[in-house]
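To start, the structure itself, in structure tokens.
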Amino acid sequence: MPSPRTSPTTANRSWNWPARKSAESSRPGTRKKTNAGPLERRQVDATPARSRRRCGPGARPATPPEADNDGNAKKRPRRAKAMLRDPLNQAEAMAQTASALPRLPARSRTPDVDVGLIYTGELAWMTRLASSLRDAGRGLAMRLLLVDNASADGVELWRDCLDETAVVRNERRLGYAANLNRILARSTARYALLMNTDMFFDPAEPCITRMVRFMDSHPTCGIAGCRLYHADGQFAYPARRFQSLAVVLARRCGLGRFMRRTLDRYLYRDHAEEETWEPDWLSGAFLMVRAEAIREVGGFDEGYGKYFEDVDLCLRMRLAGWNVFYYGGTYCYHLERRASKNLVSRDALRHLRAYLRWHWKWGFAGGPAPAPRLRERRAA
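Residues -10 to 369 in this note's numbering are what the sequence shown lists, from first letter to last.
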């Protein structure tokens, strides 16, 4: 938003220009050409005679006609004075003026980031997240790829939260991995940011901008995540190791108090939150994916359904020679709903089925380590 104070150059625009011009034309020293051609008329000195006054020792500096000795505005419309007194009124007036203007066409250049969101019906969460996107990506060309996953109220409310928005509508509800693949198929940006709707950004933290800078400075990074905090400020541990059977018992059977060391290792509690390192996998609640990498390794495995699709993609990235980074230089908030924490529930059974499918696919040793020769070739 522009400064509430108006510069003298900008203030000149609020004068009564025809009256001022006729008054100045009668002053001595004002250059006047009546029979000049178009080119010569451009060269006429249009500077007010008062500002061309000779300034020497003892000469009083010229004061713009619209300002008094205290620098207060004169001869301004009442609306302009109110805008200068109250920045909030100024912002409101600018917003009303902008809403009356015709919408400009979207920028033709390729977006820096395509933000992918899946809306099923969480109205309050989606509104909070969409309203914080613009501040989080200051200075970037962003586009919103919004999947309407057969919601009851639609997604028209958030079409204007970014300059450019593309909507993908599902006739019937699809799984999480299938919707993410639909987003990636429509993405044309350098990076795709895949997020849950139960997240939001701090208005003072340009999280998306810093993530793009990190990805630009690490060309071998295929996937990156950042610090995630719950609404109460507790760290969410988005970077984790591959789950072993001991981790499943500790987390699903209430044995965590007896297996502290196992959980500490699983959650990388030996690393500080602000550090940057390469974990086994990152939480799918916030994933920034490089377009080149996702085209090479393919999208998400839709056979997992709701869980372990992020673990599978991170492992395939590492096997293809791409780095998976946890970047501690920025953060956002996650209102996590861990529906699978109960031992006997539908989500817990889905999580167990996805866990068995992942181990059946990759083996029960926690997954193979990435080949060093592939990384060296990628870095070269």
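Note that the Cβ used here is the ideal one computed from N, Cα and C, for glycine as well.
Straight across, the Cα-Cα distance linking glycine 126 with valine 104 is about 10 Å. Secondary structure remark: continuous beta strand (DSSP E) runs of at least 3 residues inside the stretch 279 to 329, in chain order: 312 to 323. When C-alpha distances from phenylalanine 314 are compared across Lys350, Phe275, Arg250, Arg342, the shortest belongs to Phe275. Put simply, the stretch 135 to 149 does not touch the stretch 221 to 234. Fewer than three CB pairs are less than 8 Å apart.
Beta-carbon to beta-carbon, methionine 200 and threonine 319 are separated by about 6 Å, close enough to satisfy the 8 Å threshold. Secondary-structure assignment with DSSP links tryptophan 266 through a beta bridge to Tyr315. Leucine 217 is bridged by DSSP to Cys321.
Taking one beta carbon from each stretch, the stretch 335 to 351 and the stretch 186 to 206 have fewer than 3 pairs nearer than 8 Å; the two do not touch. Contact between the stretch 300 to 312 and the stretch 249 to 258 is absent, with fewer than three C-beta pairs closer than 8 Å. Glycine 214 places its beta carbon less than 8 Å from that of tyrosine 316. Here the stretch 288 to 300 makes no contact with the stretch 185 to 197; the two share fewer than three CB pairs at distances below 8 Å. DSSP places threonine 154 in no alpha helix (DSSP H) but in the uninterrupted beta strand (DSSP E) bounded by 154 to 158.
Note that the C-beta distance between histidine 323 and leucine 256 is not below 8 Å. Per DSSP, the unbroken alpha helix (DSSP H) holding alanine 235 starts and ends at 234 to 241. With a cutoff of 8 Å on beta-carbon distance, leucine 271 and aspartate 299 are scored as near each other. Annotation: the continuous beta strand (DSSP E) that includes aspartate 137 extends over 131 to 137. Partner residues in the beta bridge of glycine 105, as assigned by DSSP, are Leu134, Leu183.
For leucine 238, same chain residues with a beta-carbon under 8 Å away, outside a window of 5 residues either side, are Leu244, Met248 in chain order. DSSP, reduced to helix, strand and coil, places arginine 229 within a strand of the structure shown.
In this structure, arginine 171 sits away from alanine 139, with a CB-CB distance that is not shorter than 8 Å. Glutamate 267 and histidine 348 have their C-alpha atoms some 21 Å from each other. For histidine 340, the enclosing alpha helix (DSSP H) starts and ends at 335 to 351. Taking a contact as a CB-CB distance under 8 Å, the pair glycine 273 and threonine 198 does not count as one, their CB atoms being some 22 Å apart.
With contacts defined by Cβ atoms closer than 8 Å, alanine 282 and arginine 179 do not form a contacting pair.
At the C-beta level, arginine 132 and threonine 154 come within 8 Å of one another. For cysteine 196, the three-state secondary structure derived from DSSP is helix. A Cβ-Cβ contact shorter than 8 Å links arginine 230 with arginine 254.
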